[in-house]
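Take a look at the structure set out below.
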Amino acid sequence: MSWPPLREELKGIEPYGAPQLDVPVQLNVNENPYGPSPECVADIARAVSEAATTLNRYPDREFTELRAALAAYLGHGVTPEQVWAANGSNEVMLQLLQAFGGPGRVALSFAPTYSMYPEYARDSLTEWVAGRRETDFSLDLDHAHDLVKEQQPSVVLLPSPNNPTGTALPFDAIATLCEAAGDGLVVIDEAYGEFRREGVRSAIELLPEHRNLVVTRTMSKAFAAAGLRLGYLAADPAICDAIRVVRLPYHLSAVTQATALAALRHAPELLGKVDELRAERDATVDWLRAQGLAVADSDANFALFGTFEDRHAVWQGLLDRGVLIRETGPDGWLRVSIGTADEMMAFKKALTEVLR
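Here the sequence shown stands for residues 445 to 800, numbered as in my numbering.
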């Protein structure tokens with residue numbers, strides 16, 4: 445046996461992660477470019493200072509106050525009993541697969557989609573099945589319905605907007621897939637939900653109608669709190685109760701809970717730049733198309749564009765000019781996160797030079 449005695453299916457696999465490079469313009473991991481105000485920072489500092497006086501004790505393992513605050517933020521009649529949170533929506537997803545996946549069970553999505561989904565399945569020993577998307581990255585609902593009926597997955601993972609394409613899921617598709625899944629969970633990953641265009645509805649509206657529907661969110665994107673690592677879901681209370689079986693003891697620290705509660709108190713401010721970022725996204729999509737590039741319709745805070753015979757050369761050319769974007773998605777495509785107006789101007793200038 446080779447050392448260390450790693451599981452066979454994990455040997456030779458590179459860990460997930462985008463390049464972390466110190467460059468002037470970083471537009472590669474879909475962060476919100478606008479940090480919290482001094483008032484918000486001061487409130488967080490006070491909350492953390494107060495939490496620090498009790499660090500000799502374990503935190504509230506049910507994070508009762510935080511669940512109530514998240515439910516109030518979501519609205520639509522969501523109750524604290526319907527809310528679960530963890531260290532980023534990544535941990536929320538992994539806990540769902542630990543609880544509802546496993547040997548002999550299937551997790552399903554439609555490619556291209558978030559590259560971590562098959563890793564959640566792998567880590568929970570769940571079989572992974574990926575259907576296809578259309579050439580414009582939309583979902584063929586007939587194909588999706590038939591594949592779900594055929595595979596009878598325990599968990600269907602569908603981001604809306606989709607990552608890395610930015611494509612939103614048609615609202616009527618959610619009910620169709622919930623019905624096709626039977627007792628299987630349908631997880632609508634709304635990590636970028638706050639950035640969706642006007643008129644695009646949230647799956648949260650459908651929670652009362654489908655007990656197998658789960659909607660996940662994060663504070664990393666629109667809330668400008670990527671460093672907080674707080675993701676959450678809304679679902680039937682029975683689903684939240686089941687996750688308790690697999691969660692690690694006291695998985696949300698007192699500091700995390702205090703920081704998240706303080707951030708939620710400043711929700712209007714932290715979300716205040718969302719409209720500006722939406723407008724910048726739409727302008728970026730229009731500009732890229734004016735350069736003769738293909739761009740996927742986006743309801744997120746990024747744009748997928750291409751296609752390039754050698755996308756790595758384009759990526760490197762941008763990096764050489766101080767602009768870091770993401771080499772991800774189908775072959776030939778690149779993804780740029782939406783930054784400030786100045787950052788997007790730098791991106792456009794650099795890309796214009798590279799394309800020459």
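Virtual Cβ for every residue (Gly too), placed ideally from N, Cα, C.
In the structure shown, GLY532 adopts helical secondary structure according to DSSP, grouped into three states. For GLU453 and ASN745, the gap between their C-alpha atoms comes out near 34 angstroms.
SER493 carries a helical assignment under DSSP once its states are collapsed to helix, strand and coil. Assigned with DSSP and collapsed to three states, LEU538 falls in helix. Judged by DSSP secondary structure, ALA698 falls within the alpha helix (DSSP H) whose first and last residues are 698-709.
Of the residues assessed, VAL689 falls on the exposed side of the cut-off, its CB having fewer than 16 other CB atoms within 10 angstroms. Taking 8 angstroms as the cut-off, the Cβ atoms of GLU535 and GLY675 count as close. When Cβ pairs closer than 8 angstroms are counted between the two stretches, the segment 740-757 is seen to touch the segment 604-611, the count reaching three or more.
In the three-state reduction of the DSSP assignment, PHE746 falls in the strand class.
One alpha carbon belongs to ILE782, the other to LEU613, and they sit about 21 angstroms apart. Excluding sequence positions up to five before and after GLN595, its CB lies within less than 8 angstroms of the CB of VAL550, LEU552, VAL573, all in the same chain and listed in chain order.
The C-beta separation of LEU748 from LEU471 comes to about 13 angstroms, leaving the pair out of contact by the 8 angstroms criterion.
Here TYR676 carries a strand assignment [DSSP, helix/strand/coil].
The alpha-carbon of TYR460 is positioned some 34 angstroms away from that of GLY519. Residue pairing by DSSP puts GLY575 in a beta bridge opposite PHE554. Contact between the segment 558-574 and the segment 500-511 is absent: fewer than 3 CB-CB pairs across the two stretches fall below 8 angstroms. GLY766 places its beta carbon less than 8 angstroms from that of PRO468. Burial state of HIS710 is buried, judged by a 10 Å Cβ sphere holding 16 or more other Cβ atoms. Straight through space, the alpha carbons of ARG655 and GLU571 are spaced by roughly 23 angstroms. Excluding five sequence positions before and after ALA669, the CB atoms of its chain that fall closer than 6 angstroms to its own CB belong to MET663, ALA707, given in chain order.
The alpha-carbon separation between ASP580 and GLY736 amounts to approximately 16 angstroms. For a cut-off of 8 angstroms, the C-beta gap from VAL658 to LEU540 is around 7 angstroms, short enough to register as a contact. For ARG779, the beta-bridge partners assigned by DSSP are LEU748, ARG770. Here GLN470 carries a strand assignment [DSSP, helix/strand/coil].
Within its own chain, no residue has a Cβ closer than 6 angstroms to the Cβ of LEU692 once the five positions on either side in sequence are excluded.
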